[in-house]
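Chemist: Using full-length UniProt numbering, read the sequence shown as starting at 1 and increasing by one per residue. Glycine included, every Cβ here is placed at the ideal spot set by N, Cα and C.
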Amino acid sequence: MARPQFSAETAGGGEFVRQPNRFTGRVTPHSTSPEGGGPDAQGRWPLEAGRYRLIWCRACPWAHRARIVRDLLGLQEVISLGTVDPIRDERGWRFALDPDGFDPVLGIGFLSEAYLATDPDYTGRVTVPALVDTVTGRVVTNDYPQLTLDLSTEWRRFHAPDAPDLYPVALRPELDALMAEIHRDVNNGVYRCGFATSQAAYDEAYTALFARLDALSQRLAGQRYLLGEHLTEADVRLFTTLVRFDVAYHGHFKCNRQKLTEMPVLWAYARDLFQTPGFGETVDFDHIKRHYYGTHEAINPTRIVPLGPDLSGWTTPHGRG
């Protein structure tokens, strides 16, 4: 069997099995803690503007979705943003983009410092996004699926007047089911292809990935967004994988039946989102390429970053809507 990229997250059959999220606190108006207080007995942190800091990486799709949702909802002045370097070494995510290499609000050089301040015995992989409490320096949550849903529901009092309803109540059963399929086969599916260490594990993930992309293409052929004519959380989650597809997943993760640019419906759909305020301006193709090709030494031992592909098509007319 091939050498795994993350040995602790590789099953006996060569399948990549993503680690669970360690921190699952939630910021909510239903917390019984006073302002400035810590989590209540149920792990609920008080809802306060300006208190929490979202740590993200421009390269990471899980973190990228949190950045997009934050911006779409108009929470830029309510939740501050800290950005880690796209190159992650054995010490994890670092604040190398900031002056002197320290986050200016948290005062730490590595995100792992916040993890260990929260759980001194933590030994898992440090991940983004992470919502960090600036009062205590502790991680509130790295539970990326719940984090973005909470931004839509628990933070509603701080939303911009024209903020979209990304998680409408009437559509939640359908949304939850669809997002689960997209996560399994697409969002995490590309990683299951790229981090597989056996042919069987790769074949299974590859087949599921493209079967799901074909189904999504059929779904989107007759409507602008995944749930009809209005943007939802599902579109955000699919976009962050699609925007990385040709620059990283097609070659680096061997997801190479077709490029995104060779799937007409999904390519037009992705361009539509890219050209929507809140999406394209948060994309950094340079960070994406340098992260994937420069940090996965088991897959790309030379760490050579490709010069391509041509990215000019992202701003061409999409013909949707």
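#1: Where do the ends of the beta strand (DSSP E) carrying Arg219 lie?
#2: Closer than 7 Å by C-beta to Arg244: which residues in its own chain qualify, once you throw out the five before and the five after it? Chain order, please.
#3: Can you round the beta-carbon distance between Phe253 and Cys193 to whole angstroms, since I take them to be within the 8 Å contact cut?
#4: How big is the Cα-Cα spacing for Ile182 and Leu220?
#5: Taking the continuous alpha helix (DSSP H) assigned at Asp133, which residues delimit it?
#6: Below 7 Å CB to CB, which residues in the same chain sit around Val186 once its five sequence neighbours on both sides are set aside?
#7: Put Trp45 into one of helix, strand or coil per three-state DSSP.
#8: Which residues bound the beta strand (DSSP E) around Arg26?
#9: Going along the chain, which residues of its own chain have a beta-carbon closer than 8 Å to the beta-carbon of Trp56, five neighbours each way excluded?
#10: With Thr240 as the anchor, note down where its alpha helix (DSSP H) starts and where it stops.
#11: Glu9 by DSSP, collapsed to three states: which one?
#12: Taking all protein chains shown into account, decide if Gly142 is buried (16 or more other Cβ within 10 angstroms of its Cβ) or exposed.
#13: Applying the criterion that 16 or more other CB atoms from any shown protein chain within 10 Å of the CB defines a buried residue, is Glu233 buried or exposed?
#14: Where does Arg88 land, buried or exposed, given buried means 16+ other C-beta within 10 angstroms?
Modeler: Result, derived from the coordinates:
#1: For Arg219, there is no enclosing beta strand (DSSP E); the residue is found in the alpha helix (DSSP H) stretching over 199-220.
#2: For Arg244, same chain residues with a beta-carbon under 7 Å away, outside a window of 5 residues either side, are Pro61, Ile288 in chain order.
#3: Between Phe253 and Cys193 the beta-carbon gap is near 5 Å, inside 8 Å, which marks them as a contact.
#4: One alpha carbon belongs to Ile182, the other to Leu220, and they sit about 14 Å apart.
#5: Where Asp133 is concerned, there is no enclosing alpha helix (DSSP H), although the beta strand (DSSP E) around it starts and stops at 130-133.
#6: Leu209, Arg212, Leu213, Leu238, Thr241.
#7: In the structure shown, the three-state DSSP call for Trp45 is strand.
#8: Counting along the chain, the beta strand (DSSP E) containing Arg26 begins and ends at 26-28.
#9: Around Trp56: Ala63, His64, Ala66, Arg67, Leu81, Gly82, Thr83, Val84, Val128, Pro129.
#10: Per DSSP, the continuous alpha helix (DSSP H) segment holding Thr240 begins and ends at 233-242.
#11: Residue placement at Glu9 is poorly supported in this model, since its pLDDT is 49, which falls under 50; the coordinates are not used for a value here.
#12: Looking at the sequence shown, residue 142 is not Gly but Asn. Answer is buried; the Cβ neighbour count reaches 16.
#13: Classification of Glu233: buried, given that the 10 Å Cβ count is 16 or more.
#14: Arg88 sits buried, since 16 or more C-beta atoms from the chains shown fall within 10 Å of its C-beta.
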